[in-house]
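Those letters in the sequence shown? Residues 103 to 215, per the working numbering, in order.
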Amino acid sequence: MTIFLFRKYKNRTKDVSDDINPIIPEQEQQQITCFNCGESFSKKDGHCAACGSPRPVCIVCFSEFRKKDTIVKLPCCSNYAHDEHIKNFLEIKGTCPKCHQEIKIEDIKEVSL
């Protein structure tokens with residue numbers, strides 16, 4: 103019984119990147135596409151070397167974006183957010199979390215990585 107519980111715990115705490123490593127080369131896992139210029143740059147860099155834009159993160163949760171995420175660009179200050187996060191935020195506050203301008207949900211536009 104103890105071994106079963108340990109295995110179950112170990113599988114729950116396993117890092118997803120452990121599964122990805124054999125499939126995707128490490129260099130590709132560390133690349134981000136710049137939303138401004140479309141160039142790739144390293145996650146280790148704080149900004150895009152081509153245009154100087156900062157590494158994009160969600161303005162609501164401050165997490166990095168993943169390829170599977172639905173991302174939107176805010177019309178007021180050109181920041182980015184996870185679609186679900188900003189919609190939930192706007193339903194409660196009605197304003198941009200960064201510049202505090204009023205935003206309507208229908209005014210936000212989806213972008214792709």
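For every residue, glycine included, the Cβ atom is placed at its ideal position computed from N, Cα and C. Given the structure is predicted, the values throughout are model-derived calculations rather than measurements.
Residue 188 and residue 170 have their C-alpha atoms roughly 17 Å apart. Residue 134: member of the beta strand (DSSP E) spanning 133 to 135, first to last residue.
Residue environment for residue 164: exposed (fewer than 16 other C-beta atoms within 10 angstroms of its C-beta). Taking C-alpha positions only, residue 136 is separated from residue 186 by approximately 21 Å. Pairing residue 166 with residue 198, the inter-Cα distance amounts to about 19 Å. Apart from sequence neighbours up to five positions away, the residues of its chain that approach residue 133 with a beta-carbon distance below 6 Å are 142, ordered along the chain. Scanning the segment 152 to 196 for uninterrupted alpha helix (DSSP H) segments of 4 residues or longer gives 185 to 194, listed from N- to C-terminal end. Shown here for residue 204: same chain residues with a beta carbon closer than 7 Å to its own, the five before and five after excluded, namely 196, 197 in chain order. Residue 204 sits in a strand when the DSSP states are folded into three classes. For residue 142, the enclosing beta strand (DSSP E) has its first and last residue at 142 to 144.
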